Each structure stands twice: as C-alpha cells, then as structure tokens.
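Enquirer: This structure is in structure tokens; I'll ask about it shortly.
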C-alpha cells in the first residue's frame, strides 16, 4: 500500500504530474466537458463507407495536438496526394492546421469561440476586421489598428496591433480597461482565415462529420457492452483497440462487398 505522501512523490516525479494506481499508463481524459481516467482513441473514418482508415490509441488528455498525426496516417494509408478532412473544434490548433495544409490536406474545422474579452462584455477579436493588403485592423469605432511589434509566445511568432486613438475613443469602455486595446495575430493566421472562410461556405460539412466518425464509435461501444477496455497499459490497450477496429472494418466490408467477394479479394 502506497501512503499519500509517497503517492504525491511519485505523481510530481511524472512529466504530467499524474499517476494511476490501476493502470500506470492511463491518464485524465477530457470528454464532453467532464474528466475520466482512461485512453484517448483517435480515428480517421472514410465518409463514403464508414471504414476506419487510420486509428491510434493515446493517453494524451485532449485532442488539440492530435489532428496532423492521425490525418497524415490516413493520407498515407489511402495513398493519395491530397485529402479533405473534417474535425470538430476540440482539434482546433493553429500549428496542427498549418501542418495539414502544408502537405495537401484540406481542413474543415470550426474555430473556438472562447474569448476572455467577450466573457467580460468587451468586443471580441471577431469585431476587428483585418485588411491583409494593408496589414492592419479596423476596430469597431472605425479606427486603424496598425502593426506595432512581434514577439515569440509558446513557439509562435505573434504580431501586435493597436490604434493610437484608443485613449480618447468614446467606445473604449466596451473595448478594454487598458490604455490601448491590443490585437494579437499569429504570423500564419492567414491560413486559419482561409479555413474559417471555407467552412462558412460549406457548413454542411459538420453534419457529415457527425454522421461519419460517430458511427464506428457507437457500433464498437455497443459491441463492448458500453464498458471499459479489458486490458491495462498503453501497449495492451492499443492492441485491444486494433482488434476492435479490425473486426469493425471486416463486418463493414462484408456488408458492402459480400462474404464471397471479400474472400476472393483476400485470396487475390
């Protein structure tokens, strides 16, 4: 039996400050706004036949850093130079989106709408209109917020903009409590603007995503009896999930092609 102070010692010695006494590899996973200890399964699903093209079991607690990895695996499996992917806003991460677009993966992904300023009743970033040609923003009061300087934050180059008219602006109480309302822009944010505009033009893509990727998860959970993984440790749980995916894909192909055609294709 491990005492509390010993547990804390082991927990703080781990990179993510977590320890599970049941399964040493399991971690706290954020799911539908709640937390649970387990594993995070990533899948890329074919929209036409609902086949699982690529999958990976991880113990990373959220999806923010998972997009590029799984869709690149899917692209390699399919053997195509270009690929279109639709994901939910839980995957929204500028670096991940850029990594996809850089290798010919067209991304449809809704932008996260979280904003500290909006939560406090101020104008949000969406209220500031960017002019790419002039590299400046127009604020809600119609003033020009021009580029001031850049600095590195969390591995990204962030550009800063603000308007000199902020101090005497009559709309300032709706904008900021500071002398100036500073607007931040990632150096590659034009890519995110393209992704946002793309989804605005085809909002039906998100409905297609829900009807595609959720189907295999629901089917596999039904087969499992809506219970937990039976294995422990990441290696064994990954193997267990791979068997579920193999079984699921075989059943799907049987329904699509028929048993005889499948056997013939395997023997060919």
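In this note's numbering, the protein residues as written are 2 to 269.
Glycine is no exception: its CB is placed at the ideal position from the N, C-alpha and C atoms.
Being a predicted model, the structure only gives us computed values, none of them experimental.
(1) Let's test the definition: count the other Cβ atoms within 10 Å of the Cβ of residue 2 and tell me whether it reaches 16, buried, or not, exposed.
(2) How is residue 104 classed by DSSP in three states: helix, strand or coil?
(3) Would you call the segment 106-120 in contact with the segment 74-92, where contact means no fewer than 3 C-beta pairs closer than 8 Å?
(4) What are the start and end residues of each continuous alpha helix (DSSP H) run of 4 or more residues lying completely inside the segment 233-260, in chain order?
(5) Tell me the DSSP secondary structure of residue 178 in three-state form.
(6) What do you get for residue 227, buried or exposed, if any count of 16 or more other CB atoms within 10 angstroms of its CB means buried?
(7) By the 10 Å Cβ neighbour count, where 16 or more other Cβ atoms means buried, how is residue 113 classified, buried or exposed?
(8) Starting from residue 208 and walking both ways along the alpha helix (DSSP H), at which residues does that stretch end?
(9) Go ahead and pull the three-state DSSP assignment for residue 52.
(10) Let me know the secondary structure DSSP gives residue 94 once reduced to three states.
(11) Relative to the C-alpha of residue 142, which candidate in 53, 248 and 174 has its C-alpha closest?
(12) For residue 223, count the other beta carbons within 10 Å of its own beta carbon; 16 or more makes it buried, fewer makes it exposed. Which is it?
(13) Pick from 53, 132, 48 and 29: whose alpha carbon is nearest that of residue 59?
(14) Would a C-beta distance cut-off of 8 Å place residue 41 and residue 71 closer than the cut-off?
(15) So, do the segment 198-213 and the segment 120-132 have three or more beta carbon pairs nearer to each other than 8 Å?
(16) For residue 146, tell me which candidate among 48, 68 and 130 has the shortest Cα-Cα distance.
(17) On the CB-based measure, 16 or more other CB atoms within 10 Å of its CB, does residue 76 come out buried or exposed?
(18) Using the beta-carbon count (16 or more within 10 Å), is residue 225 buried or exposed?
(19) If distances are taken between C-alpha atoms only, which option among 188, 194, 168 and 89 comes closest to residue 156?
(20) Go to residue 149, then tell me how far its beta strand (DSSP E) extends in each direction, as first and last residue.
Expert: Taking the structure as given:
(1) Low local confidence applies: a pLDDT of 47 at residue 2 is under 50, so the model's placement there is unreliable, with the coordinate-based value given in what follows. Classification for residue 2: exposed.
(2) coil
(3) yes
(4) 235-258
(5) Residue 178: coil per DSSP, three-state reduction.
(6) exposed
(7) exposed
(8) 205-224
(9) coil
(10) In this structure, DSSP gives residue 94 a state outside helix and strand, which the three-state scheme calls coil.
(11) 174
(12) exposed
(13) Residue 29 is the option with its Cα nearest to residue 59.
(14) no
(15) no
(16) 130
(17) buried
(18) exposed
(19) 188
(20) 145-154
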